[in-house]
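>
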Amino acid sequence: MASLVVALQRSGERFQEFPRLKFILAFAGIKLRMKDLEYLYGSLHDVESCHIVGDRDPIKNMTNHLIESFDNPIVINHTRGHVVPQLAGHDLTTLRDFLQAQLAHPKL
150 MASLVVALQR SGERFQEFPR LKFILAFAGI KLRMKDLEYL YGSLHDVESC
200 HIVGDRDPIK NMTNHLIESF DNPIVINHTR GHVVPQLAGH DLTTLRDFLQ
250 AQLAHPKL
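For what it's worth, my numbering labels the leading residue of the sequence shown as 150, then goes sequentially.
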């Protein structure tokens, strides 16, 4: 749902009264399968994003469809299913670096 909220805001259709959302952090995020909303995902191409994806997640294919909406997505894969995993090592560093970069953004 985070991606849809950002897409609605970027397209100018909703949430204009709120500060502009700058990035997406998605755990098993998906693109909604509604033809009426498909056009919204085109507004996400330049949004910075980090996606956490489980190798055994039954919705992994839908998650990959969402990831394709972004120009430069950061993707962290884990070996589990549809869970929020405990990250360590390189994966934790990748997530931490992404979040620190967002916090350092002057307009955030």
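C-beta atoms are modelled at their ideal positions from N, C-alpha and C, and glycine is treated no differently. As the structure is a computational prediction, the values presented were derived from the model and not from experiment.
I'd like to confirm the pairing. Which residues does DSSP put opposite A203 in its beta bridges?
Residue numbering aside, residue 203 sits at position 54 when the sequence shown is read from its first letter. The sequence given here places Gly at residue 203; Ala does not occur at that position. In the DSSP output, where bridge partners are listed per residue, G203 has H227.
> Excluding sequence positions up to five away, which residues of its chain have a Cβ less than 7 Å from the Cβ of L244?
The count along the sequence shown starts at 1 and reaches residue 244 at position 95. Closer than 7 Å at Cβ, skipping near neighbours: C199, I225 and L236.
> Locate the alpha helix (DSSP H) running through A253, then write down its first and last residues.
The sequence position of residue 253 within the sequence shown is 104, counting from 1. Counting along the chain, the alpha helix (DSSP H) containing A253 begins and ends at G238 to A253.
> With DSSP as the reference, label E187 as helix, strand or coil.
Working through the sequence shown from its first residue, we reach residue 187 at position 38. Here E187 sits in helix by DSSP.
> Quick check: V155 and L215, are their CB atoms within less than 8 Å of each other?
As a first step, residue 155 must be located in the sequence shown, where it is residue number 6. As a first step, residue 215 must be located in the sequence shown, where it is residue number 66. Not a contact, by the Cβ cut-off of 8 Å.
> Does the region 200 to 208 come into contact with the region 174 to 184, if we say contact requires no fewer than three beta-carbon pairs (one atom in each stretch) closer than 8 Å?
With the cut-off at 8 Å, the region 200 to 208 and the region 174 to 184 touch.
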